[in-house]
Amino acid sequence: MSTQTALPGSHFSYRHGELFCENISVKMLARRYGTPLYVYSQAEILQALAKYENSLKDWPHLICYAVKANSNFSILQLLAQHGCGFDIVSGGELLKVKAAGADMGKVTYSGVGKTEEEIRLALRSEIKSFNVESASELNRLSRLAAQVSKQARISIRINPDVNAHTHPYISTGLKENKFGVSPQVAFSLYRQAKEDPWLCPIGIDCHIGSQLTEISPYIQACETVVNLLDRLTREGIYLEHIDFGGGVGVRYRDEPVIDLAALTKELHTILAQRGYGHLSMIFEPGRSIVASSGLLIGQVQYIKTTETKNFLISDTAMTEMIRPALYQAWMPILEVSAKPQLQEKLYDIVGPVCESSDWLGKQRALKIAEGDYFAVAMAGAYGMSMASTYNCRNLPAEILVDRDRYRQIRRRLPVEDQWAAEMPETITEKALG
Ligand code: LLP
């Protein structure tokens, strides 16, 4: 291969120069289903889930997959079938995990902006816990719980003011971020909840950011949480779980990857030393469960050479994978078919969307020609779930591969569906004036 880029996981390989996902040829899938196309390896997802399960050993724990990372119905079903819980952030995610067979007693609900309708829905669904992010939310929760006569189990999200050393857009544990409340405010909210018959404090929550590459911010956050637990215990408030928020970061390029077993051991040691070893450890991983499972396949439409660069203009764009445009993220880009006879060149891989931010990779060495397919790897997380129809582009299809078999887990809808809800006969309001 011309590319130096490593394959994303053990379930991808080149066989006679052709990229395979498990035992299925990616080129065959691209030809059959067209591009842009997402292709996922089921074994890769289950392996990532097992890694969490194994690292948490027989300590009490629960994995609540963060649905936002990839909310494909079949992927949710697969995870539910393997005993996974879910972390949701909207009524839509709640209804989707429910439909996919989730055990609602294993669902945590995060997010700063839960509406009344969403809260009522979650109360009626008897979810495990609301991760409460403000005093106003706690008050709203109490009022609605009384209304529907269902006690709300809560966990208050602490903002520990810890620098997670990640991209500013996905860092959430600093004072200046909109997430969580200070330990001081949390303490008074727990006291308030204890006195409220409609609220039942069962946990404490702390998510400091995504794509974390160091253990130390987790440890700092854990210490803040444990200090607060001491104060709560003195107050007669006993909790059942500690939710550490999202999972560990992944390797897109050369980032250090946290050793999950070492992390969980360190966290559990702190808990055990401070007398909280019996509390259940909850993690809400998204990226590290699905990122490495996914490839986004595109086809080269044109190669355009200017005075300064070679542009590889593809049919796949920021609409299918916004991470490079939004976070200047580096995603691996691989040839789908090895072409050793071609000259290796540096390309900026761009899409057809009318914005200069529409790029997937810059200055990538590839041996590739017009008409060839390429794969954006590590694309299983925050790819399809952040896709849009900007420029009236159609959303991609998705395929799930399981060893020698594969199935389409999302079909490409007719593009007309995009404007069906805009037709006069589907709009019921009276015309203005
Ligand atoms: N729990 C909460 C409350 C979260 O806000 C997040 C992610 C997670 C769990 C999952 O974190 P993970 O295990 O995936 O790191 N679109 C961005 C990532 C946004 C993350 C938002 N919150 C990206 O593509 O990098």
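Going by our numbering, the sequence shown opens with residue 14, and the numbers climb by one from there. Beta carbons are placed, not taken as given, at the ideal position from N, Cα and C, and that holds for glycine.
Query, Result
"Could you check whether Tyr-360 and Lys-458 sit closer than 9 Å to each other, using their CB atoms as the reference points?", "A question about residue 458 goes unanswered here, because the residues of the chain that appear run from 14 up to 446."
"Rounded to the nearest angstrom, what separates Pro-210 and Ser-293 at their Cα positions?", "24 Å"
"Identify whether Ser-149 lies in helix, strand or coil by the three-state DSSP scheme.", "helix"
"Whole angstroms is fine: what's the gap from Trp-372's alpha carbon to Ala-338's?", "6 Å"
"Smallest Cα separation from Ser-123: which of Tyr-386, Gln-205, Arg-170 and Asn-176?", "Arg-170"
"I'd like to know whether the C-beta of Leu-284 is nearer than 9 Å to at least one C-beta of chain D.", "Reference to chain D is not applicable here, since this structure consists of a single protein chain."
"Within 10 Å of its beta-carbon, does Ala-285 have 16 or more other beta-carbons around it, so buried, or fewer, so exposed?", "exposed"
"Could you name the residues of the same chain whose beta carbon sits closer than 8 Å to that of Phe-33, not counting the 5 residues immediately before and after it, in chain order?", "Phe-25, Ser-26, Tyr-27 and Val-39"
"Using alpha carbons as the reference points, say which of Gly-299, Leu-242 and Ala-206 lies closest to His-291.", "Leu-242"
"Is Gly-124 near the ligand LLP, with its Cβ less than 8 Å from a heavy atom?", "yes"
"Classify Ile-440: buried if its beta carbon has 16 or more other beta carbons within 10 angstroms, exposed otherwise.", "exposed"
"Cα separation between Leu-42 and Glu-35?", "12 Å"
"With DSSP as the reference, label Gln-55 as helix, strand or coil.", "helix"
"Answer yes or no: do Lys-358 and Ala-330 have a C-beta to C-beta separation smaller than 9 Å?", "no"
"Helix, strand or coil for Gly-105? Go by DSSP, reduced to three states.", "helix"
"Does DSSP classify Gly-118 as helix, strand or coil?", "helix"
"I'd like the span of the beta strand (DSSP E) that includes Ile-326, first residue to last.", "323-327"
"Restricting to Cα atoms, I'd like to know which of Thr-246, Ile-58 and Pro-49 is closest to Tyr-300.", "Looking at the sequence shown, residue 300 is not Tyr but Arg. Out of Thr-246, Ile-58 and Pro-49, Ile-58 has the C-alpha closest to the C-alpha of Arg-300."
"Which residues in the same chain as Met-14 place their Cβ atom closer than 7 Å to its Cβ, once the five residues preceding and following it in sequence are excluded?", "Its pLDDT being 46, under 50, Met-14 is placed unreliably by the model, and nothing is read from it."
"For Ala-19 and Asp-272, what's the separation of their Cα atoms in angstroms?", "19 Å"
"Could you check if Gly-364 belongs to the surroundings of the ligand LLP, using beta carbon to heavy atom distance under 8 Å?", "no"
"Three-state secondary structure (DSSP) at Thr-16?", "Here the model assigns Thr-16 a pLDDT of 46, short of 50, so the residue's position is not dependable and the matter cannot be decided."
"Taking the straight line between their C-alpha atoms, what separation do you get for Thr-16 and Lys-380?", "Only weak support exists for where Thr-16 lies, its pLDDT of 46 falling under 50; the value from the coordinates is given anyway. Rounded to whole angstroms, Thr-16 to Lys-380 spans 8 Å at the Cα level."
"Return the bridge partner residues of Trp-372 from the DSSP annotation.", "Val-363"
"Which residues in the same chain have their Cβ closer than 6 Å to the Cβ of Phe-86, if we skip the five residues on either side of it in sequence?", "Ala-113"
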